[in-house]
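All remarks here apply to the structure that follows.
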Amino acid sequence: MLPFSLTSSTLGFLIATALAARGVRRRSLSKSGAAAAWIVGFLSVAAGLRGTSLLLFYMVGTAATKFRHAEKARIDATAQVGAERGPSQVLACSAVGVVCSVWHAVACGEERAIDFEEEPLASSLACAIISHYATCLADTLASEMGILASHTPILITKPWVSVPAGTNGGITLSGTLWSGFGGLVIAIGVIILDMMSGITVWPLRTVIFGTMCGLVGSLLDSLFGATLQSSYYDDEKRVSHCGEEGNESISKLRHISGANILTNAQVNLASVILTTVVGAVYMGPLVYSYS
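For the sequence shown, this note's numbering begins at 308 and goes up steadily by one.
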């Protein structure tokens, strides 16, 4: 499918409109978040079919966010403000992918098979798109499903220290498995999309690559969260808080970890950018060039 052709642009318009409208209707997106989602949705899909990985991320991620939301709100104060995503959250989980998709469309044209010997730039950008959405979905599933784990999380920077559920940088076995599953879902989605486009696919390599990116991206997000985000705990109400909430009585809460340097959206963006670069430059060639 030619990027930004009548067909791809029409498809992008329809998917972006449906995505934004559904988000507002189901209150998973604020109005400004829906506007941002429409822009990135249109650009992603119009640039190439792999861009519809954004839709897959949104659908699965939204379902995970809504899943047992009331229970999560009793554990984590950030979940109490509601499940609506604003523009900063939308762009943190899509801006890098959109740039890679548009870059591929402008520099390389139609999407093609991942082959680092024949098409190094196109292959790097394809791997960047996969690693981007694999990281986004992996982090979402690790956070939204991992918080419900029956076992106590440990701090990624101090694995001998147990921390309350909802702590930035707290990890569990189930959360880590969910992050790998998120990468796997994106990988399977890309395989199906490439088959629909008539592109030669490498299913096993794509599955390995997507799963690896999901695990690496989620762990990087946890590492940044444990060090660059502050986490607090209300022992009386048994609820986790983060420094960016601006809680007036934050001084009365017990500090668990991290410094109040980055917001959650900024941590997400940092982990996405790093994993996207590593996936495109190192992991992609390693996995797809292996024989």
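Every residue gets a Cβ at the ideal spot worked out from N, C-alpha and C, and that includes glycine.
Is the Cβ-Cβ distance between Lys-379 and Ile-454 less than 8 Å?
yes
In angstroms with no decimal places, state the Cα-to-Cα distance between Leu-444 and Leu-535.
If you take the alpha carbons of Leu-444 and Leu-535, they lie about 21 Å apart.
Which one or two residues does DSSP pair with Asp-541 in a beta bridge?
Val-546, per the DSSP bridge assignment.
Would you please state the rounded distance, in angstroms, between the beta carbons of Gly-532 and Asn-475? I believe it to be under 8 Å.
4 Å
Which residues mark the beginning and the end of the alpha helix (DSSP H) in which Lys-559 is found?
That residue, Lys-559, is in no alpha helix (DSSP H); it is neither H nor E in DSSP.
By how many angstroms is the C-alpha of Thr-582 removed from the C-alpha of Arg-329?
29 Å
Between Gly-340 and Pro-394, how many whole angstroms is the CB-CB distance? I'm expecting something under 8 Å.
5 Å
Since Cys-520 contacts Met-590 with CB under 8 Å, what's their CB separation in whole angstroms?
7 Å
My output table needs one value for Trp-509: the three-state DSSP class, helix, strand or coil.
Trp-509: coil per DSSP, three-state reduction.
Mapping DSSP to helix, strand and coil, what is Pro-427?
helix
In this structure, how does DSSP classify Val-579 when only helix, strand and coil are distinguished?
Residue state, collapsed to three classes: helix.
Look up Pro-466 in the DSSP assignment and say whether it is helix, strand or coil.
strand
Let me make sure I understand the geometry here. Which of Val-585, Ser-529, Arg-545 has the alpha-carbon closest to that of Ala-572?
Ser-529
Would you decide whether Glu-418 is buried or exposed? Buried here means 16 or more other CB atoms lie within 10 Å of its CB.
buried
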